[in-house]
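Per the working numbering, numbering through the sequence shown is continuous, rising by one, with the last residue being 347. The beta-carbon is built from N, C-alpha and C at its ideal position, and this holds for glycine as well. Treat the numbers as computed from the prediction; the structure is a model and nothing was measured. Single-structure report; data block below.
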Amino acid sequence: MRHLNWLFLLLCMPLFAAPDGKALYEEKCSACHHFRGQGGIGLPLSPEILAQVSDDYIAKTIRHGRPGRIMPSFQKLSAAQVSAIVRYVRSWTGKPGPVFEAARIQGDAGKGNVLYQKHCVRCHGKDGSGEGAGTGVTLSRERSFMVMPAALNNSGFQKSASDAMIRDIILSGRKTSNMPAFRDKLSDQEVAHVIAYLRTLQPPAPRKGLEEWAGKPAYVMESPYDLETTVENVKQALAGANFRIFPQRYLEQGLTDEFSMNTRQVSIRFCNFKELYHLLNIDPRLGTVLPCRINVLEQNGKVLVISANVAQLATLFNNQELSEVGVLMEEIILTVMEEATL
């Protein structure tokens with residue numbers, strides 16, 4: 006019987022094996038941070054940066070993400086899976102990560118505000134959201150910094166970073182992002198004041214789209230004109246809004262054979278290349294949903310003008326800067342649709 010028990014355990018061992026950190030990292034993280042942490046859309050996980058952050062910070066960052074930035078939270082990963090990713094990332098350096106005390110550092114936030122405005126605001130911004138275009142680093146994108154300064158007001162950062170870790174980074178600086186060391190510029194008490202002020206920072210309230218379309222997947226308007234007139238109206242309105250219009254297509258084109266296509270469903274694709282370049286600099290993943298389009302459909306005797314809710318769509322990317330642009334695009338697209346159906 007004892008031998009049978011051992012045999013059962015041996016057969017079940019693969020079921021209880023530790024999670025594969027490399028596989029998890031490649032599945033969950035490599036798209037933004039690259040396969041060995043070189044960075045891309047996401048922050049480079051360089052040896053210098055890893056030497057400044059604790060395993061606890063990395064684990065909490067995975068768990069909480071950066072709300073309103075590109076990095077999502079991975080709440081569904083188990084503690085063992087998060088630990089496996091942390092171990093894999095740490096293995097790149099061959100050294101253990103630093104350990105910081107969890108206790109809060111006491112300081113005067115008012116005095117810290119004065120010091121922050123003097124020493125930090127140029128890179129981290131007045132509200133702590135980080136100055137500079139885009140997030141992460143890649144040579145193909147417009148940017149003000151090689152690595153965008155941390156969003157100090159982000160709730161994910163606030164929950165992940167201990168005061169002691171922030172203190173160490175302030176004192177040591179960070180060559181990767183050209184952050185200077187303040188060891189010889191600020192006293193220990195002044196650093197404590199700055200940290201106390203950082204803990205008061207809050208993210209800006211997100212800009213929201215029009216309430217009547219909130220939560221709806223698409224904008225839908227009924228046209229008083231026939232299909233052909235409505236299509237031309239949409240094109241004229243788009244041209245007036247400085248969009249380039251691509252060759253007209255039927256909505257089902259490419260999805261079915263040419264004899265089965267519904268020719269009373271037209272898709273009008275459009276783009277402003279200057280704005281497109283700006284948007285892709287904010288978030289390259291936006292390319293997966295381009296170009297923009299407005300569809301004109303004839304159904305049950307009605308002509309409908311339909312477009313995806315861009316303000317709602319932008320929220321899926323977890324990028325506050327992109328969400329704000331989505332709200333502006335909503336205004337433009339609704340104006341075009343209203344002009345075409347007046």
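Query, Result
"Distance between Leu285 and Asn267 (C-alpha atoms, nearest Å)", "33 Å"
"Bounding residues of the alpha helix (DSSP H) (the contiguous stretch that carries Lys33)", "Gly26 to Lys33"
"Beta-carbon gap between Phe275 and Arg249 smaller than 8 Å", "yes"
"Terminal residues of the beta strand (DSSP E) in which Tyr224 lies", "Ala223 to Ser228"
"Through-space distance from His69 to Lys81, alpha-carbon basis", "11 Å"
"For Leu285, the residue or residues it bridges with in DSSP", "Note: Leu285 sits in no beta bridge, so no partner."
"Whether Glu227 touches Leu347 by CB criterion (8 Å)", "no"
"Status (buried if at least 16 other CB within 10 Å, exposed otherwise) for Thr261", "exposed"
"Runs of alpha helix (DSSP H) wholly within the region 107-187 (minimum 4 residues, chain order)", "114-124, 126-129, 160-165 and 168-177"
"Arg41 vs Phe162 beta-carbon contact at 8 Å", "no"
"Cβ neighbour criterion (16 or more within 10 Å) applied to His198", "buried"
"Ranges of the alpha helix (DSSP H) found wholly within the region 71-100, counting only runs of at least 4", "84-96"
"Range covered by the beta strand (DSSP E) that runs through Lys307", "Lys307 to Ala313"
"Check whether Val104 and Ser35 have beta carbons under 8 Å apart", "no"
"Pairwise C-alpha distance: Ile75 and Val301", "33 Å"
"Sequence-distant residues of its chain with Cβ nearer than 6 Å to Leu256 (five each side left out)", "Gln270, Ser272 and Asn300"
"Beta-carbon contacts of Gly220 that lie in its chain and below 8 Å, excluding the five residues immediately before and after", "Gln317"
"Beta-carbon proximity of Ala368 to Tyr202, cut-off 8 Å", "In the structure displayed, the chain extends from 6 to 347; residue 368 sits before or after that span and is not available."
"Where Tyr121 falls, given that 16 or more other Cβ within 10 Å makes a residue buried", "buried"
"Range covered by the alpha helix (DSSP H) that runs through Gln194", "Asp193 to Leu203"
"Cross-strand partners of Arg274 (DSSP beta bridge)", "Arg298"
"Pro209 to Thr234 span [Cα, whole Å]", "43 Å"
"One or two residues paired with Tyr255 in a DSSP bridge", "Val271"
"Pick from Leu327, Arg92 and Ala155 that is closest to Gly130, judged by C-alpha positions", "Ala155"
"Closest Cα partner of Ser319 within the set Cys128, Lys213, Gln86 and Phe187", "For clarity, residue 319 is Ala in the given sequence; the question names Ser instead. Cα-wise, what sits closest to Ala319 is Lys213."
"Distance between Tyr62 and Tyr93 (C-alpha atoms, nearest Å)", "15 Å"
"Straight-line gap, Gln304 to Asn238 (C-alpha atoms, nearest Å)", "18 Å"
"Coil, strand or helix - Thr46 by DSSP", "The sequence as given places Ile at residue 46; Thr does not occur at that position. Ile46: coil per DSSP, three-state reduction."
"Nearest residue (CA-CA) to Pro222, options Gly102, Val330 and Asn314", "Asn314"
"Extent of the continuous alpha helix (DSSP H) run through Asn238", "Leu232 to Gly245"
"Coil, strand or helix - Arg249 by DSSP", "strand"
"Three-way DSSP call (helix, strand, coil) for Gln304 in this model", "strand"
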